[in-house]
Amino acid sequence: MIVDAQGRRFRNLRVSLTAACNYACGYCVPDGKRLQAARHELSAAALLKATRMLIDLAGVEKLRITGGEPLLSPKFDAFLPAAMALPLKDVAVTTNGQLLARKADLIKAAGLKRINVSLDTLDAGRFRHIARSGDLATVLAGIDAMLDAGLKVKVNMVPMRTANADQILPMLDYCLGRGIELRYIELMNMGHLRYGGQYRRDFIGMDDLLDAIGERHEFTRTDAPYDSTSVRYEVPGRGYFGIIANESEPFCSACTRLRLSSNGRLYGCLSNANSHDVSALLEAPEQQARDGLKQVLAAALQDKRSAFTGEVTVMKFIGG
Ligand code: SAM
Numbered sequence: 005m006i007v008d009a010q011g012r013r014f015r016n017l018r019v020s021l022t023a024a025c026n027y028a029c030g031y032c033v034p035d036g037k038r039l040q041a042a043r044h045e046l047s048a049a050a051l052l053k054a055t056r057m058l059i060d061l062a063g064v065e066k067l068r069i070t071g072g073e074p075l076l077s078p079k080f081d082a083f084l085p086a087a088m089a090l091p092l093k094d095v096a097v098t099t100n101g102q103l104l105a106r107k108a109d110l111i112k113a114a115g116l117k118r119i120n121v122s123l124d125t126l127d128a129g130r131f132r133h134i135a136r137s138g139d140l141a142t143v144l145a146g147i148d149a150m151l152d153a154g155l156k157v158k159v160n161m162v163p164m165r166t167a168n169a170d171q172i173l174p175m176l177d178y179c180l181g182r183g184i185e186l187r188y189i190e191l192m193n194m195g196h197l198r199y200g201g202q203y204r205r206d207f208i209g210m211d212d213l214l215d216a217i218g219e220r221h222e223f224t225r226t227d228a229p230y231d232s233t234s235v236r237y238e239v240p241g242r243g244y245f246g247i248i249a250n251e252s253e254p255f256c257s258a259c260t261r262l263r264l265s266s267n268g269r270l271y272g273c274l275s276n277a278n279s280h281d282v283s284a285l286l287e288a289p290e291q292q293a294r295d296g297l298k299q300v301l302a303a304a305l306q307d308k309r310s311a312f313t314g315e316v317t318v319m320k321f322i323g324g
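To convert, count from 1 in the sequence shown and add 4; that's our numbering.
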């Protein structure tokens, strides 16, 4: 197994099916233009081959299907059922939920157990302001469809001081009322946010979040798995919420994540723009592909930083 000096190895793989997205969220893209697919995106079959090899060579145990917006890609329909048949402990999907209701039958039939839906507000006007596209009611219907199908749903919200700070409590109440675990993601200093004042203006840290939640709820911190990105809290008798506290409580020393972009580049670290193109390797003869991939994995592990310092890389390319 390939392990680094801090004992880290790759257990969690995030595969971006496409860089294209039907939203244009202000923290992801600067100009309000919807994202397009990357040039030379890999087919579902090639992404699956890469996933199989990474399970075998890196010891990947968990897979998250992401994007861009994964449900927007025609590859999703073939990739999901095939991924469910791989020898993995867990498969999950991260989506903005806009197409969830339409894909509900496929998701149910594939046997998916967990889904994360990104949603930053319950106010329809504010929703359009943040996502610059899409429709709130459609996302809420998609969430209901997943709950009805018996999936475990988590909702991801990025709290921002000027955009949705007043939604911190309504979002928690909505989630607690439905057995959904809400995870607040601290705004990450990535892409265009590294320039200009938006990041400093909008960032809400864990302490401020907990103060806001404490105005209405009592909660206690609970244990989270070793390599979890989230600090987890229990609201007694009501449920759980989490905070992905990149800045306030970084989890880099226990990070086990590896990202595969839709155009076949492996990223060992979200805070490092270094990437390794494996698209040609996937077409090489078996042994050559395996040897090449082992070298790439060792290099990708070296890319892991010991602290999240942000990066100019945009989330759209490497998935959340
Ligand atoms: N389209 C899918 C979705 O919306 O969930 C998957 C991709 S999206 C890039 C994954 C997650 O990254 C979303 O929850 C989004 O809110 C989050 N995200 C994107 N840019 C971010 C940033 N600068 N800081 C914090 N979270 C960010």
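For glycine and all other residues, C-beta sits at the position ideal for the given N, C-alpha and C.
**OP:** Using three-state DSSP, classify Leu110 as helix, strand or coil.
**Re:** Indexing the sequence shown from 1 puts residue 110 at position 106. Three-state DSSP puts Leu110 in a helix.
Subject >> Arg348 vs Ala96 beta-carbon contact at 7 Å >> reply: There is no way to answer for residue 348, as the model of the chain reaches only from 5 to 324.
**OP:** Determine the DSSP secondary structure at Leu270, reduced to helix, strand or coil.
**Re:** What you label residue 270 is simply residue 266 of the sequence shown in a count that begins at 1. Strand at Leu270.
Subject >> Rounded distance between the beta-carbons of Arg13 and Met7, thought under 8 Å >> reply: On the sequence shown, position 3 is the one that residue 7 refers to. On the sequence shown, position 9 is the one that residue 13 refers to. Met is not the amino acid found at residue 7; the sequence shown has Val there. So it is a contact: roughly 5 Å between Cβ atoms.
Original post:
From Ala169, Pro240, Leu84 and Ser283, pick the residue whose C-alpha is nearest to that of Gly183; which is it?
Top reply: Counting from one through the sequence shown, the residue named residue 183 turns up at place 179. Of the candidates Ala169, Pro240, Leu84 and Ser283, the residue whose Cα lies closest to the Cα of Gly183 is Pro240.
Original post:
When you compare only the Cα positions, how much space is there between Ala111 and Leu84?
Top reply: On the sequence shown, position 107 is the one that residue 111 refers to. On the sequence shown, position 80 is the one that residue 84 refers to. For clarity, residue 111 is Ile in the given sequence; the question names Ala instead. So the alpha carbons of these two residues sit roughly 8 Å apart.
Original post:
Excluding five sequence neighbours on each side, which residues of the same chain lie with their C-beta closer than 6 Å to the C-beta of Tyr203?
Top reply: For this step, residue 203 is matched to residue 199 along the sequence shown. Cβ neighbours of Tyr203 beyond the five flanking positions: Asn193 and Leu197.
Subject >> Extent of the continuous beta strand (DSSP E) run through Gly101 >> reply: What you label residue 101 is simply residue 97 of the sequence shown in a count that begins at 1. From DSSP, Gly101 is part of no beta strand (DSSP E); its letter is neither H nor E.
**OP:** Tell me, to the nearest whole angstrom, how far the beta carbon of Ser283 is from that of Ala42; I am working on the premise that it is less than 8 Å.
**Re:** The residue labelled residue 283 in the question sits at position 279 within the sequence shown. The residue labelled residue 42 in the question sits at position 38 within the sequence shown. Not confirmed; about 11 Å, so no contact.
Original post:
Per the contact definition of three or more C-beta pairs closer than 8 Å, is the stretch 296-307 in contact with the stretch 266-275?
Top reply: yes
Original post:
Leaving out five residues before and five after Val162 in sequence, what residues of the same chain have Cβ atoms less than 7 Å from its Cβ?
Top reply: Along the sequence shown, one-based indexing puts residue 162 at 158. Around Val162: Tyr31, Asp124, Ile189 and Leu191.
Subject >> alpha helix (DSSP H) segments (min. 4 residues) lying fully within the stretch 16-67 >> reply: Within the stretch 16-67, the complete alpha helix (DSSP H) runs of at least 4 residues are 48-62.
**OP:** Just confirm the distance between the C-beta atoms of Ala169 and Arg130, as a whole number of angstroms; I'd bet it's less than 8 Å.
**Re:** Your numbering for residue 169 matches position 165 in the sequence shown. Your numbering for residue 130 matches position 126 in the sequence shown. Rounded, the Cβ-Cβ distance is 11 Å, inconsistent with contact.
Subject >> Nearest-angstrom Cα separation, counted from Ala228 out to Ser234 >> reply: Reading the sequence shown from its first residue, position 230 is the one you call residue 234. Reading the sequence shown from its first residue, position 224 is the one you call residue 228. Whole-angstrom Cα-Cα distance: 7 Å.
Original post:
Between which two residues does the alpha helix (DSSP H) carrying Lys298 extend?
Top reply: In the sequence shown, residue 298 corresponds to position 294, counting from 1. First-last of the alpha helix (DSSP H) with Lys298: Glu290 to Gln306.
**OP:** Report yes if the CB atom of Leu286 is closer than 7 Å to the CB atom of Ala50, and no otherwise.
**Re:** Counting from 1 along the sequence shown, the entry for residue 286 is found at position 282. Counting from 1 along the sequence shown, the entry for residue 50 is found at position 46. Contact flag set, yes.
**OP:** Would you please state the rounded distance, in angstroms, between the beta carbons of Arg118 and Leu155? I believe it to be under 8 Å.
**Re:** Here residue 118 corresponds to residue number 114 of the sequence shown, with the count starting at 1. Here residue 155 corresponds to residue number 151 of the sequence shown, with the count starting at 1. About 6 Å separates the two Cβ atoms, so the contact holds.
Original post:
If you compare alpha carbons, which of Gly36, Tyr27, Thr99 and Ala249 is closest to Ser20?
Top reply: In the sequence shown, residue 20 corresponds to position 16, counting from 1. The residue with the shortest Cα to Cα distance from Ser20 is Thr99.
Original post:
To the nearest whole angstrom, what separates the beta carbons of Lys158 and Asn120, a pair I think is in contact under 8 Å?
Top reply: Locating residue 158 in the sequence shown gives position 154, counting from the first residue. Locating residue 120 in the sequence shown gives position 116, counting from the first residue. Indeed, because the Cβ distance is near 5 Å, the residues count as touching under 8 Å.
Original post:
Which of helix, strand or coil does DSSP assign to Ile147?
Top reply: Position 143 of the sequence shown holds residue 147. DSSP places Ile147 in helix when its eight states are reduced to three.
**OP:** Quick one: grab the DSSP three-state call for Ala96.
**Re:** Numbered from its first residue, the sequence shown carries residue 96 at position 92. Looking at Ala96 - three-state DSSP - the assignment turns out to be strand.
Subject >> Cβ shell of Ala149 (< 8 Å), same chain only, five flanking positions each side left out >> reply: As a working mapping, residue 149 is identified with position 145 in the sequence shown. The residues are Leu104, Ala105 and Ala108.
Subject >> CB-CB length for Ile172 against Ile217, believed under 8 Å >> reply: On the sequence shown, residue 172 is found 168 positions in, with the first residue counted as 1. On the sequence shown, residue 217 is found 213 positions in, with the first residue counted as 1. Contact flag correct, Cβ pair sits at about 7 Å.
**OP:** Quick one: residues in its chain with C-beta nearer than 6 Å to the C-beta of Gly243, no 5 flanking neighbours on either side, listed in chain order?
**Re:** Within the sequence shown, the letter at position 239 stands for residue 243. Once the five neighbours on either side are set aside, the close Cβ partners of Gly243 are Leu180.
Original post:
On the three-state DSSP scale, how would you describe Met194?
Top reply: Translated into the one-based positions of the sequence shown, residue 194 becomes position 190. Reduced to three states, the DSSP call for Met194 is strand.
Subject >> Contact belief for Ala288 with Gly296 at Cβ below 8 Å, rounded distance in angstroms >> reply: As a working mapping, residue 288 is identified with position 284 in the sequence shown. As a working mapping, residue 296 is identified with position 292 in the sequence shown. Yes, Ala288 and Gly296 are in contact; Cβ-Cβ is about 6 Å, under 8 Å.
Original post:
Near Ile134, what residues of its chain come up, given a Cβ to Cβ distance below 7 Å and the 5 sequence neighbours on each side ignored?
Top reply: Taking the sequence shown and counting its residues from 1, one reaches residue 134 at position 130. Excluding residues within five positions, the ones whose Cβ falls inside 7 Å are Cys29, Gly30, Asp124, Thr125, Ala167 and Asn168.
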